[in-house]
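Structure, as C-alpha cells:
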Amino acid sequence: MTFCRFRSLATRLVALTVLIPGAAVAQGAPEAAEASGPIEEILVTARKRTETLQDTPVAVTVVTADQIEDFGVQSLADISKMTAGLLFDSEFTRGANRPVIRGQANILGDSGVSYFIDGVYVSGSIDDYDLDDVERIEIVKGPQSALYGRNTYSGAINLVTRSPGDELRANVEAEIAGDEEFLVRASISGPLSDTLAAGLTLRHYEMGGHVKNEFDGKDIGKQESRSISGVLSFTPNERLTARARAYYAERDDGQPAIFARRYFDNNCYPDDGALYGGAGRYFCGTVKPGDVNIDWPVQAPGAGLTDDALQLSLKVDYDLNEQWQLTYIAGYGERDAEEVYDGDYLPTSFQVSNFTPNGFPFAGFPVPPFSYAYVGSMTDFTFANAAETDEWSQEVQLAFDADRVRGLVGAYYYKQDRTTRDIREVSDEQQALAQRNWFAEFLRMQGVCAANPICGSMAPFFGPTIVVPRDVNDIEIENAAVFGLVSFDLADNLTATLEARYQDEDIDQRAVAQDLGGPAGEPVISSASFDGFLPRVTLDWQPTDSHLLYVTYAEGTKPGGFNSTVAIEAGVPTYDEEEVKSIELGAKSVLADGQVRANVALFFNELTGYQLTQNVQAGQNAQSATVNAGDADINGLEAELLLNPSEIAGLTLRFNYAYTDAEYTEGFDQNEGVLLDVLDDRSIDCSTGDQFPDVDGCQSLFGSIDGKQIPRTAEHQMFADVEYRRPLTNGWEWYAGVSYIFESSKFAQVHNLAETGDTSVVNARMGLISDRYSIRVFGRNLNGEETAYNVIRYAEPSAFRRNFIASPRRDTYFGISLAVHL
C-alpha cells in the first residue's frame, strides 16, 4: 500500500495525539468561561451495540432528528452535503442513485454502500424515503463487512426510526416551495396500554418539474410520492422488548430532466476522417449545462418511473441476565417498478442512415474494420423495463458484557429474488413511419454507394421495423454468514477489538433473449459462488475521558455478479468480487468544557479487482458490461468540527471537510485504448500499449488507466455552516443559518477528460419555533450554481457517436414550512 503522499498528514495526526493530553489539562482549568451549553451527547449503534459517538472507535457521522428538522432535510442527497466523505445526488432518476463513500465509486452496477433500516438490509434506492419518523441517520465509513455483511465494503448508511413513547405525540407539517413543490406529512404516536405503544406516519410529496423542455415548452422532471408507516412497540416487562414496523411507499415520476451534449461538440482527439469525418472522438473539459430538449411525448408517451415498495421488520430484544442479551431481527421487502424513458434525450427521431467507409461509426465498439453503408429503422432509443424484487433476511445476535470483556456472536441469512423484463410497446403509427423512412433511405444510400466504390456493401441495420426486445432475467441471491465481535480491555484506557465474518453467497441467473414477433433464444443459465473471511481489528486508547485515539485494519468485499445477455454472448457473463484492505487512524475529542467537538480520520485503502464498465459487442448488439479492470489506491482525510462558543450564546459553527485521493494503480480500459489510437485505423497495432507484453505479438487495443482518477469522485469536499438562535418571549425562539457546500470537479470516466467542474452552493434558513408551533423559511442554491451533478459518457443513437448526458442542477428556489406539534 502506498503511504508516502500522506506521510505529512499522518505526522500531523500523531502530533495532535501528543498535544491532546496537555490540552485536556489546560481546558479543565477553573478559570474557563461558563459555556452556553455543552454539545449534546449522541448515541450510536454503529457496532451493533449502543455507545456514545465520541467513545466509538469508528468514523461515523450522525444526523439527528433535530438537524433533519432544522436544516429542512428531505432526502439522503441532502444528508450527503453535510457529511464529509459521502457523495450522493438525486441524478437522472430517483430509482438509480449510487452513494459513494471515500471515493469507492462505480458507473453502473451496485454501489459499495448499503442501506439498513433498523438493522435490516434494504436493496435499491431509498433517496425518497420519508425521514419524518427517523430518530437519527448513521453514516458509517470504511469497510463494514465484518458486522454489516454484503456490499458494505466502503461503508453503511443506517437509518434508526423513532419508537413510540409513553406520552401522546402528534405533528402536522406542510411545506411549499418553488417549481410547484408541495409536501405534507402527519404523525401520531403514544401508548395504547401500559405495555403497548404505537405510531403512525403519513407523507405526500410532489414537484411539478424544475426545467423547461424545449421540445414542447412544458416543465420536465415531475416527481410524486406518498408513503405510510406504522410501528408497534411491546414491552411486557423490563427484560423483553419487541418492535414491529411496516412501511409502504409509491412513486410516480415523469421523464427525467436530462440534457445531451451532442457529438459535434466533441473537441479533442480528432481522427483522420475514417470514423467521424474529422470530428473529435471525445469531449475534454467541463461539460457545461445545456437545454433539455427531449421528444418523449412522441417516442415514449407516459414516460417515467412508477413503483411501489413494502418493507416489514421485527426486532426482539431479551435480556437473559445482567450480562447476556439475545436479539432477533427479521425483515421482508418487495418492490415492483416500471421505467419508461426516451433514452436518447434528444428531439430527433428516425435518423436512419449513414456512410462509414472504414469501420463502425463511433469509438468503443470493438468490431473488425470493414466498409459499408448502413440503414436502420429506428435510432431514437426508448428504454422500457420492469423489475420485481422480493427479499428476506433473518439475524440472531447473542451479546455479552463481562466488564473487561464484551462482545457478540451472530448468524445471518439473506435471500433475494429479482426478475427484470423489457416491456416496451410500439404503436402501429411508429412502425409505419419507421418502414417509410427505412425504404426511402435505403434507396438513397444505394445511390451513395454507387458513387463511392469504397462503400463495399449495403448493411440493413435493425431492418425496416422497430425491433422490440423481450429479454427476461431471473436472478436469485442467497447469502449466509456467521459473525462476531469481542473487545478486551488491555488496560483501563486501552481496548482491543476483534471483529470477523465468514460468509457464503450464491448467485443464480436465468436469462432469455427474444425480439417481439421472433423466437425466444435459448435460456442462458449461470451460477457463481463467493465466500470469504472478513476481519476487522481495532486498537483504541483514551488518554482522558474527552479524547479517543484509534487505529483499525479491515477487509471488505463488494459482491460479484452477472452481466446482460449481450455480455454473456460476448464472453463476459460474470465479474468477480472487488476487494479492499484498509487502515484507518482516528482521533475524537471534546474540548473547551464541552463547547468543541473535533473528530479526524486518515484512511489508506488498497483495492483489487476494481469493477469498471466496458463496452462489449455480440453481433450487431453492443452494451456496457462490468469487468474487473484493475487495482486502485484510495487514501484520504476526513475532519468534522462542531463549536458552541461560550462567548456568543446561541452561536453554532459546523465545519466538515474531506480530502480523497482516488486513483488506479493498475489496469486497462478498452475505451481508453480506442480513444488514444492515434492512427484511428482499428488495427491491432498496440499504439496505446500491449495489455499482455509477455505474449508474442500485439495482443490488444486496451489502454492503461494507471494513475487515472476514479470517476465520480471529488478530491475535495467541504460543508461549512453558521447558525445563530436566541429566545424571544412566551416560549418562542428565533434562528437563522447559512450553509456553504463545495465539491471539486468529478470526471465522467477513467479517461479523466470530460468533467463536471467545481461546485459551490449556498443555502440559507430562518425560523420561529415554540413547543407547539414552528415557521421556517429557506432558500436553496442562492448563488445560482449551474454545474451538473454528474456527467455520463453516452452514445448518440442517431449518429452512433460518442456524446455526454447530465442532469441540470435545480436553480435558486425558496420555500416555507409550517408545523404544529401536539
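Counting from 262, one number per residue, gives the positions in the sequence shown under this note's numbering.
Each residue gets a CB set at the ideal place from its N, CA and C atoms; glycine is no exception.
What residues are listed by DSSP as bridge partners for C545?
Partner(s): none; C545 has no beta bridge.
Note down, in chain order, each residue of its chain lying with its Cβ closer than 6 Å to the Cβ of S1078, except the 5 sequence neighbours on either side.
E436 and R1037
contact_flag[the segment 487 to 499, the segment 451 to 458] where n(CB pairs < 8 Å) is 3 or more:
yes
Would you list the one or two residues that DSSP bridges to T681?
Answer by DSSP bridge pairing, in chain order: A648 and N734.
Could you name the residues of the same chain whose beta carbon sits closer than 8 Å to that of F794, not counting the 5 residues immediately before and after it, in chain order?
A761, R762 and Y763
For L846, which of A561, G745 and V812 has the nearest alpha-carbon?
V812
Report the rounded CA-to-CA distance for G410 versus E652, giving the unit in angstroms.
15 Å
Kindly indicate which residue of Y390, G373 and A345 has the alpha-carbon position closest to the one of Q335.
Y390
Just reading off the beta strand (DSSP E) that P988 is part of, what are its end residues?
H977 to P988
Which same chain residues, not among the five before or five after E434, have their C-beta less than 6 Å away from its C-beta?
R446 and A1080
Separation of A505 from E686, as counted between CA atoms
41 Å
Identify whether Q328 lies in helix, strand or coil by the three-state DSSP scheme.
helix
If you drop the 5 nearest sequence neighbours on each side, which residues of the same chain put their C-beta closer than 8 Å to that of P550?
F520, E1047, T1048, A1049, A1067, P1069 and R1070
In DSSP terms, what T758 is bridged to
S748 and T799
Tell me the rounded alpha-carbon separation between D922 and V861.
If I take the Cα positions, the gap works out to 16 Å.
Could you check which residue in G745, T650 and V548 has the C-alpha nearest to that of F661?
The shortest C-alpha separation from F661 is found at G745.
Can you look up I1030 in the DSSP assignment and give me helix, strand or coil?
strand
Are R522 and N1064 touching if we call contact CB-CB under 7 Å?
yes
How about D388 and R423: do their beta carbons lie closer than 7 Å?
Taking C-beta atoms as the reference points, D388 and R423 fail to come closer than 7 Å.
State the start and end residues of the unbroken beta strand (DSSP E) segment that holds I400.
V395 to K402
Could you tell me whether the Cβ atoms of A647 and E599 are closer together than 7 Å?
yes
Could you pull the start and end residues of the alpha helix (DSSP H) that Y409 belongs to?
S406 to Y409
Straight-line Cα distance separating I1002 from N1042
10 Å
CB of Y589 within 7 Å of CB of V657, strictly:
One thing to note: Y589 has its Cβ within 7 Å of the Cβ of V657.
Assign V743 to one of two classes, buried (16 or more other C-beta atoms within 10 Å of its C-beta) or exposed (fewer than that).
exposed
Going by alpha carbons, who is nearest to I368 out of G592, L873 and E927?
I368 has its Cα closest to that of L873, out of G592, L873 and E927.
Assuming W585 is part of the beta strand (DSSP E), what are its boundary residues?
W585 to D603
Hey, would you say A345 sits closer than 7 Å to E901, going by beta carbons?
yes
Could you tell me the alpha carbon to alpha carbon distance between E511 and R355, rounded to whole angstroms?
E511 and R355 have their alpha carbons spaced roughly 12 Å apart.
Please state whether DSSP places I340 in a helix, a strand or coil.
In the three-state scheme derived from DSSP, where H, G and I count as helix and E and B as strand, I340 is classed as helix.
Which residue marks the beginning of the alpha helix (DSSP H) containing P558, and which one marks its end?
W557 to Q560
E838 beta carbon less than 7 Å from that of T818:
Cβ distance < 7 Å, so T818 and E838 count as in contact.
Could you give the C-beta distance for F929 and Q970, rounded to a whole number, given that I count them as a contact under 8 Å?
Actually they do not touch by this definition, with Cβ atoms about 16 Å apart.
For A591 and S654, which I take to be in contact (beta-carbon distance under 8 Å), what is that distance rounded to the nearest angstrom?
7 Å
If you check the beta carbons only, do Y871 and A893 fall under 7 Å apart?
yes
Count the other CB atoms within 10 Å of the CB of R308; is the residue buried (16 or more) or exposed (fewer)?
Residue environment: R308 is assigned as buried (16 or more neighbouring CB atoms within 10 Å of its CB, all protein chains considered).
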